[in-house]
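Heads up, the sequence shown is in this note's numbering, so the first residue is 330 and it goes up one at a time.
Below is one structure, written out as structure tokens; the observations come after it.
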Amino acid sequence: MDFLHGTHRQSRVSEVVYVALNLGLATLLFLIVLEVQSPWLALALVIASKWRALAVRPRFWLANIVANMIDLTVGISVVMLMYAASGVIWLQVVLAVLHALWLVVLKPRSDRRSVAIQAGVGVFLGATALAMSSYRWDAALVVLPLWVLGYCAARHILGSYEEPLTRTYALITATIFAELGWVSYHWMFAYTISGLGAIKLAQLPLFLVLFGFVCERAYNSYYQHGVVRGADIVLPSTLAVGLVLTLLLLFNSLSATGLA
Numbered sequence: 330m331d332f333l334h335g336t337h338r339q340s341r342v343s344e345v346v347y348v349a350l351n352l353g354l355a356t357l358l359f360l361i362v363l364e365v366q367s368p369w370l371a372l373a374l375v376i377a378s379k380w381r382a383l384a385v386r387p388r389f390w391l392a393n394i395v396a397n398m399i400d401l402t403v404g405i406s407v408v409m410l411m412y413a414a415s416g417v418i419w420l421q422v423v424l425a426v427l428h429a430l431w432l433v434v435l436k437p438r439s440d441r442r443s444v445a446i447q448a449g450v451g452v453f454l455g456a457t458a459l460a461m462s463s464y465r466w467d468a469a470l471v472v473l474p475l476w477v478l479g480y481c482a483a484r485h486i487l488g489s490y491e492e493p494l495t496r497t498y499a500l501i502t503a504t505i506f507a508e509l510g511w512v513s514y515h516w517m518f519a520y521t522i523s524g525l526g527a528i529k530l531a532q533l534p535l536f537l538v539l540f541g542f543v544c545e546r547a548y549n550s551y552y553q554h555g556v557v558r559g560a561d562i563v564l565p566s567t568l569a570v571g572l573v574l575t576l577l578l579l580f581n582s583l584s585a586t587g588l589a
């Protein structure tokens, strides 16, 4: 019994330390954004916070980097968004709080729904930060990060299933992300929302999340039933198609700015 009590006590202490360290990271990033004009220090801190991914033998580095890519993407994206919101202190505070909630509430969860939400958040924030930063970059510098993002997001979701074709499905997803990124590079619109500083909401992140949502629902249906049931994907597909058509047909000329 003493051993069990000791183990439980150590577990509680570990949880408290974990929460404190992650809240400290979110707070420190917020303070750096407020005090330092360049984003490089904050970005370096985000990358350094993933040091455990490399605290293994080199042959495991790539696998660990892929496994941590969604969390890394969220951290980097939050930093970029906070800098884009310079001068809008309330929005920077909201972003910092949301990042803290990501670190201590959502990221530790491992159930399938939470894992899918994690991937969706990573895709949305990563593509948003990329769209804001890359409108003057070469096309390859846009397509390649989206390929990596699609690959890692798919593996992140499929890792919660016993799927023998994880790599194949991830490569297919990555290719589709890259193709959508190439199209968006030449034809991209972003919506300006009053009060958000330099942050613009591009179409690409919305399209990628909707595509991923439909694919995740279809795969989950196939995994559960052996076939993709129409009842499981009709609503997600209808919602996705409706939102895409609404954005393309109605909002391209309303408060939209071309980034290409």
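Glycine included, C-beta positions come from ideal geometry on N, C-alpha and C.
Residues of its chain near residue i, where Cβ-Cβ distance is below 8 Å and the 5 sequence neighbours each way are ignored
i: Trp-511; result: Ala-468, Val-471 and Val-472
i: Ser-550; result: Val-556, Val-557, Arg-558, Asp-561 and Ile-562
Residue i versus the options, residue with shortest Cα-Cα distance
i: Ala-480; options: Val-346, Ala-460, Pro-565 and Ile-394; result: Sequence inspection shows Tyr at residue 480; the Ala mentioned does not correspond to that position. Among Val-346, Ala-460, Pro-565 and Ile-394, the Cα nearest to that of Tyr-480 belongs to Ile-394.
i: Val-599; options: Asn-397, Ala-483, Ser-463 and Ala-458; result: It is not possible to answer for residue 599, since the shown part of the chain is limited to 330 through 589.
i: Ile-505; options: Ala-547, Ala-384 and Val-477; result: Val-477
i: Thr-402; options: Leu-350, Val-538 and Phe-453; result: Phe-453
i: Ser-513; options: Thr-457, Met-398 and Val-450; result: Thr-457
i: Ala-419; options: Arg-442, Ile-399, Val-434 and Phe-359; result: The sequence given here places Trp at residue 419; Ala does not occur at that position. Closest by alpha carbon: Phe-359.
i: Tyr-464; options: Ala-531, Val-434 and Ala-392; result: Ala-531
i: Val-426; options: Val-365, Ala-355 and Ala-382; result: Ala-355
i: Tyr-490; options: Tyr-548, Ser-367 and Tyr-520; result: Tyr-548
i: Leu-363; options: Thr-497, Val-417 and Leu-578; result: Val-417
i: Ala-499; options: Leu-572, Val-434 and Gly-541; result: Gly-541
Residue i - partner residues in DSSP beta bridges
i: Leu-530; result: Tyr-520
Spatial neighbours of residue i in its chain, beta-carbon cut-off 7 Å, leaving aside the 5 residues before and after
i: Ile-486; result: Val-444, Ala-445, Ala-448 and Glu-545
Same chain only: Cβ atoms within 6 Å of residue i, ignoring 5 sequence neighbours per side
i: Gln-553; result: none
i: Gly-404; result: Val-375
i: Ala-503; result: Trp-476, Gly-479 and Tyr-480
i: Glu-492; result: none
Whole-number beta carbon distance between residue j and residue i, since they are thought to touch under 8 Å
i: Ser-406; j: Gly-353; result: Wrong, their Cβ atoms sit about 20 Å apart, outside the cutoff.
i: Gly-524; j: Ser-415; result: In fact, because the Cβ distance is near 13 Å, the residues do not count as touching under 8 Å.
i: Leu-576; j: Leu-535; result: 7 Å
i: Ile-361; j: Met-461; result: Actually they are not in contact, since the Cβ atoms of Ile-361 and Met-461 sit about 19 Å apart, beyond 8 Å.
- Looking at C-beta atoms only, is the number of pairs between the segment 341–348 and the segment 364–372 that lie closer than 8 Å three or more? no
- Item | the segment 429–441 contacting the segment 409–416, beta-carbon criterion three pairs below 8 Å | Too few Cβ pairs lie closer than 8 Å, so no.
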